[in-house]
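Read top to bottom, the protein sequences are chains A and B.
First residue of the first sequence: 1, per full-length UniProt numbering; consecutive thereafter.
First residue of the second sequence: 1, per full-length UniProt numbering; consecutive thereafter.
Ideal Cβ positions, reconstructed from N, Cα and C, are used throughout, including at glycine.
Being a predicted model, the structure only gives us computed values, none of them experimental.
The block underneath contains the structure these notes are about, expressed in structure tokens.
Number of protein chains: 2
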Amino acid sequence: MLNPCDPAFLQALEAQLPPGVLRAPEDRYLTELRGRYRGQAGAVACPGSVEEVASILKAAQAARVGVVPYAGGTGLVAGQVMPEGPLPLVLSVERLNRIRSVEPLGNVLVAEAGCILTEVQAAAEGAERLFPMSLGSEGSARIGGLLGTNAGGTGVLRYGTMRELALGLEVVLADGRVIHGLKRLRKNNMGYDLRHLMIGSEGTLGVITAAALRLFPRPARTGAALIVVPSPEAALRLLALAQARLGEGVSGFELIGGQGLHFLAEALPQIRQPFAEPPEWLVLVDLGLVAALDPAAELEGLFEAAVEADLASDGVIAGSEAQRAAFWHLREAIPEANRKIGAVASHDVSLPLAALPAFIAEAGAALADLGDLRVNCFGHVGDGNLHYNIFPAPGRKRAEYDGLRDRVTQTVHDLVHGFGGSVSAEHGVGRLKTGDLERYVDPVAVSAMRSIKAALDPAGILNPGAVLKG
Amino acid sequence: MLNPCDPAFLQALEAQLPPGVLRAPEDRYLTELRGRYRGQAGAVACPGSVEEVASILKAAQAARVGVVPYAGGTGLVAGQVMPEGPLPLVLSVERLNRIRSVEPLGNVLVAEAGCILTEVQAAAEGAERLFPMSLGSEGSARIGGLLGTNAGGTGVLRYGTMRELALGLEVVLADGRVIHGLKRLRKNNMGYDLRHLMIGSEGTLGVITAAALRLFPRPARTGAALIVVPSPEAALRLLALAQARLGEGVSGFELIGGQGLHFLAEALPQIRQPFAEPPEWLVLVDLGLVAALDPAAELEGLFEAAVEADLASDGVIAGSEAQRAAFWHLREAIPEANRKIGAVASHDVSLPLAALPAFIAEAGAALADLGDLRVNCFGHVGDGNLHYNIFPAPGRKRAEYDGLRDRVTQTVHDLVHGFGGSVSAEHGVGRLKTGDLERYVDPVAVSAMRSIKAALDPAGILNPGAVLKG
Numbered sequence: 001m002l003n004p005c006d007p008a009f010l011q012a013l014e015a016q017l018p019p020g021v022l023r024a025p026e027d028r029y030l031t032e033l034r035g036r037y038r039g040q041a042g043a044v045a046c047p048g049s050v051e052e053v054a055s056i057l058k059a060a061q062a063a064r065v066g067v068v069p070y071a072g073g074t075g076l077v078a079g080q081v082m083p084e085g086p087l088p089l090v091l092s093v094e095r096l097n098r099i100r101s102v103e104p105l106g107n108v109l110v111a112e113a114g115c116i117l118t119e120v121q122a123a124a125e126g127a128e129r130l131f132p133m134s135l136g137s138e139g140s141a142r143i144g145g146l147l148g149t150n151a152g153g154t155g156v157l158r159y160g161t162m163r164e165l166a167l168g169l170e171v172v173l174a175d176g177r178v179i180h181g182l183k184r185l186r187k188n189n190m191g192y193d194l195r196h197l198m199i200g201s202e203g204t205l206g207v208i209t210a211a212a213l214r215l216f217p218r219p220a221r222t223g224a225a226l227i228v229v230p231s232p233e234a235a236l237r238l239l240a241l242a243q244a245r246l247g248e249g250v251s252g253f254e255l256i257g258g259q260g261l262h263f264l265a266e267a268l269p270q271i272r273q274p275f276a277e278p279p280e281w282l283v284l285v286d287l288g289l290v291a292a293l294d295p296a297a298e299l300e301g302l303f304e305a306a307v308e309a310d311l312a313s314d315g316v317i318a319g320s321e322a323q324r325a326a327f328w329h330l331r332e333a334i335p336e337a338n339r340k341i342g343a344v345a346s347h348d349v350s351l352p353l354a355a356l357p358a359f360i361a362e363a364g365a366a367l368a369d370l371g372d373l374r375v376n377c378f379g380h381v382g383d384g385n386l387h388y389n390i391f392p393a394p395g396r397k398r399a400e401y402d403g404l405r406d407r408v409t410q411t412v413h414d415l416v417h418g419f420g421g422s423v424s425a426e427h428g429v430g431r432l433k434t435g436d437l438e439r440y441v442d443p444v445a446v447s448a449m450r451s452i453k454a455a456l457d458p459a460g461i462l463n464p465g466a467v468l469k470g
Numbered sequence: 001m002l003n004p005c006d007p008a009f010l011q012a013l014e015a016q017l018p019p020g021v022l023r024a025p026e027d028r029y030l031t032e033l034r035g036r037y038r039g040q041a042g043a044v045a046c047p048g049s050v051e052e053v054a055s056i057l058k059a060a061q062a063a064r065v066g067v068v069p070y071a072g073g074t075g076l077v078a079g080q081v082m083p084e085g086p087l088p089l090v091l092s093v094e095r096l097n098r099i100r101s102v103e104p105l106g107n108v109l110v111a112e113a114g115c116i117l118t119e120v121q122a123a124a125e126g127a128e129r130l131f132p133m134s135l136g137s138e139g140s141a142r143i144g145g146l147l148g149t150n151a152g153g154t155g156v157l158r159y160g161t162m163r164e165l166a167l168g169l170e171v172v173l174a175d176g177r178v179i180h181g182l183k184r185l186r187k188n189n190m191g192y193d194l195r196h197l198m199i200g201s202e203g204t205l206g207v208i209t210a211a212a213l214r215l216f217p218r219p220a221r222t223g224a225a226l227i228v229v230p231s232p233e234a235a236l237r238l239l240a241l242a243q244a245r246l247g248e249g250v251s252g253f254e255l256i257g258g259q260g261l262h263f264l265a266e267a268l269p270q271i272r273q274p275f276a277e278p279p280e281w282l283v284l285v286d287l288g289l290v291a292a293l294d295p296a297a298e299l300e301g302l303f304e305a306a307v308e309a310d311l312a313s314d315g316v317i318a319g320s321e322a323q324r325a326a327f328w329h330l331r332e333a334i335p336e337a338n339r340k341i342g343a344v345a346s347h348d349v350s351l352p353l354a355a356l357p358a359f360i361a362e363a364g365a366a367l368a369d370l371g372d373l374r375v376n377c378f379g380h381v382g383d384g385n386l387h388y389n390i391f392p393a394p395g396r397k398r399a400e401y402d403g404l405r406d407r408v409t410q411t412v413h414d415l416v417h418g419f420g421g422s423v424s425a426e427h428g429v430g431r432l433k434t435g436d437l438e439r440y441v442d443p444v445a446v447s448a449m450r451s452i453k454a455a456l457d458p459a460g461i462l463n464p465g466a467v468l469k470g
């Protein structure tokens, strides 16, 4: 059993740290974006070095005080707020915010956990390289949280998730010992891969303090198109067609459902829509090509081939970088419109690509049986990742569906599971989905996860109650 | 302490298995390619299903009998042969050899651990897809061993190691419980990533019985060139130039040292060499491009730009697919020539790209101080991976260097470590490099590895003595 982060603990800890590291918990550390959880904390620690992180964890383990790692606070599954249990210490990595090196010849950049994603993108750009991680919250999300949750976003199709972008990690274990693992290597087969164990463990196995991140050549020319497709299956066939023609040049492939366009028109009417009447299904194709290829010509060729194969009926090709940005802005604004409309339930699911059309059909039918609901289905369809969000019927209030919410989510998740999918594609487990983990993940795997947690954090101080139920 | 795999154990186990699963150990299970280790076994088990693997491990754990997983037998670090300790059971996955499914729309293929790499490549090709793992032993290496050692090879630059090619795994744990983890998902953030823990653990944490593997579009057009570069640094700058021009279209980038060409001329004179006088440094650039780009024209443009930038002095561009294959054959024949010449010591190392030229210079100087030696330095330089092999001076015998071998290896490995590299880039630890793991890997990381091993295999039956010293 853990002890609370009480004044006696804080006094003893304060004596070991420079002034100003321990602070009273401001409200921002205790709230989360969707407003469903309210955290608690005895204090917030803002260490300025890996050694200070080590001192904090060593003291916390000795005193059996829970520690909640905190990065940008943009997580959507309450991994960063602990509403229940003995009062924890929040450990914010915000002061670990140096970019330690940028090495263009080696295509690597070393960033501390508190660096904001846009800062890392800018540092890479300054060296004529690309750091390809990109997502809606990139202006506030920090590297430590992106690694802790194995963030995804819009560049995964071509470049992978955070997991695939990290070559090495510096990590502090629960007992305060430091793994100095900032390798800058593509290949390293010296023992078990602790890096991948830490990435996606949401601060429950260790605190990541810095990472060696992969950089890429910047595509010489970019382009984008919005293409109206007759169905989700057509979208997948269009993806295969695009990849057969352009390989890795297909940098992004996003599905936008008609409901999302209606919500945009309603909630964010200032966003200009490309089609007078929102189509049922729209795809955003994004290209990053070598200098010898003309994106507009390639998109035109792709569109013609798609029409020929009955995979597209209408489309618009970006005529400028500004128009490409506008296409992406349209896509990125959907979550904001969703928040304004107010969802009954949100789901971040992934499916085997081939199962995606059947899932969309069956889930729609099952939800129609449950009640009067609207579905906004959109997302990174090239990765098999859908944000499958459920809304009240027009004119009805969210609160009217309070009794239905759990059944809606279970219906969606059961279907995803039945198709071999995952009920957390890119957001993680946090505290929101610990029940889902027990319900849907292979029980032998969950048992192995518990063994690993017990081996690396025997006192259970790291992010108590996240990922695995206490 | 483990018990031997004795007749009593085998009799009890035989009663639980179909006839023919347990066999007397043929010699091929007890030898390894380099002839340095001689294994031992009470019997060889050849299970035909995951359930049989589970029964075998359950019985072995109950009886505390060591189990040595065996796939293609092509490993170079003695992970598959156990020369010492209580007699183990060898567990061969050769009968788990079905390709369970090929899904071109989802770009995934499910193969059992006993499938041979060339069979998997062929199955992908049959579906107009590419399974990009490729290495010298592909005609006998099996999927289970490739995953267990996180194999690399020639396609890593573009497609990653086995780790990056596996979406999901079916694994039997030490106690016989099965993780049914054959997910076909690009994104799945439901808990700790056991997949990456198993991959590269060389059969010490579980036995992989099947994997969901990623497929890719086949590049429409391929090409290759051999380019003479003035130095390793020029090779790296040529790589950056090639990637800036062609992005992921650069599928392979191999360095060939002049010594390797001299060895080829001596040991395999039938292989035609492209240059009358072997150059000091040669690079093999391999392209896989989209239909709209002409590989020969792109290689010509690259070569001209390289000459302009003093990065190349001579070169030859493959005029046909046969010539491209001949270039690769030249590269792939170097290990065979090495075996005929007879190495004093072989090293599979990786370095941060930017440190590679300094390593090559310093290692050459340090070895010249040690004795009269020849260095054959070649490898997957785009991945920072060198095969850095040391040979006797002309006219001298290997045996004359027996007293020097350990100092040679330690000199090379110490330098690699000093430059932030790894002393096993792609071959793994096996039993050959357990001392290196203790010497060079962060001690806190090694301690965490031991905790994980104890948590997942408390009796220590899985591949005893591999990766971590007993």
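Annotation: A/N463 is outside any alpha helix (DSSP H) and is labelled neither H nor E by DSSP.
What A/P219 touches in chain B, judged by beta-carbon distance under 8 Å, is G247, going in chain order. The beta-carbon of A/A358 is placed no less than 9 Å from the nearest beta-carbon of chain B. The beta-carbon distance between A/H427 and A/T118, rounded to whole angstroms, is 20 Å. This is too long to meet the 8 Å contact definition.
A/A296 and A/P464 have their C-alpha atoms roughly 51 Å apart. Note that the C-beta distance between B/G73 and B/L33 is below 9 Å.
In the structure shown, A/D314 adopts extended strand secondary structure according to DSSP, grouped into three states. When beta bridges are read from the DSSP output, A/H387 appears opposite A/D348, A/F378. A residue is called buried when at least 16 other Cβ atoms come within 10 angstroms of its Cβ; B/A325 does not meet this threshold and is exposed.
Contact annotation, A/L255 with A/G379: C-beta distance approximately 6 Å; criterion of less than 8 Å satisfied.
Under the Cβ distance rule, B/V229 does not count among the residues neighbouring chain A, no pair being separated by less than 9 Å.
DSSP places B/V307 inside the alpha helix (DSSP H), whose first and last residues are 295-308.
The closest CA to that of A/P392, considering only A/V375, A/V381, A/D406, is found on A/V375.
At least 9 Å separates the CB of B/G260 from every CB of chain A. Any Cβ of chain B closer than 9 Å to the Cβ of A/N107 would place that residue at the interface, and such an atom is present. Taking a C-beta distance under 9 Å as the contact criterion, B/L468 and A/G191 qualify as a contact pair. Annotation for A/G155: P132, M133, S134, S251, G252 place their beta carbon closer than 8 Å to its own, counting only its chain and skipping 5 residues before and after.
From the listed residues B/I461, B/A45, B/A459, B/K433, the smallest Cα separation to B/L76 is found for B/K433. Between the stretch 347-356 of chain B and the stretch 111-127 of chain B, the count of Cβ pairs shorter than 8 Å is below three; the stretches do not touch. Assignment of beta strand (DSSP E) within the stretch 99-180 of chain B, counting only whole runs of 3 or more residues, yields 99-103, 108-112, 166-172 in chain order.
Annotation: A/N97 has no Cβ neighbours in chain B at a cutoff of 7 Å; minimum Cβ distance is about 23 Å. Residue-level contact check: A/K433 touches chain B, since one or more beta carbons of chain B fall below 9 Å from its beta carbon. For A/S447, the uninterrupted alpha helix (DSSP H) segment begins and ends at 443-456.
In its chain, beyond the 5 residues on either side, L173, A174, L205, G206 have a beta carbon closer than 8 Å to the beta carbon of A/L456.
Every alpha helix (DSSP H) stretch that sits fully inside the stretch 22-81 of chain B and reaches 4 residues is listed by chain position as 50-63.
A check of alpha carbon separations from B/V228 across B/D294, B/F216, B/E308, B/S313 identifies B/S313 as the nearest.
Taken through DSSP and simplified to helix, strand or coil, B/N338 comes out as helix. In the same chain as A/S140, and ignoring 5 residues on each side of it, the C-beta atoms closer than 6 Å to its own belong to G72, T74, in chain order. Annotation for A/G421: V349, S350, L351 place their beta carbon closer than 6 Å to its own, counting only its chain and skipping 5 residues before and after.
One thing to note: B/A59 has its Cβ within 9 Å of the Cβ of B/Q16. In chain order, D442, V444, A445, A448 make up the part of chain A whose C-beta sits under 8 Å from the C-beta of B/I179.
When Cβ pairs closer than 8 Å are counted between the two stretches, the stretch 258-277 of chain A is seen to touch the stretch 359-377 of chain A, the count reaching three or more. Taking C-beta atoms as the reference points, A/I199 and A/L167 fail to come closer than 9 Å. Note on geometry: alpha-carbon atoms of B/A343 and B/A211 lie some 36 Å from one another. One thing to note: A/A78 has its Cβ within 9 Å of the Cβ of A/R431.
Of the residues B/K453, B/V178, B/E308, B/L213, the one whose Cα lies closest to the Cα of B/I143 is B/L213.
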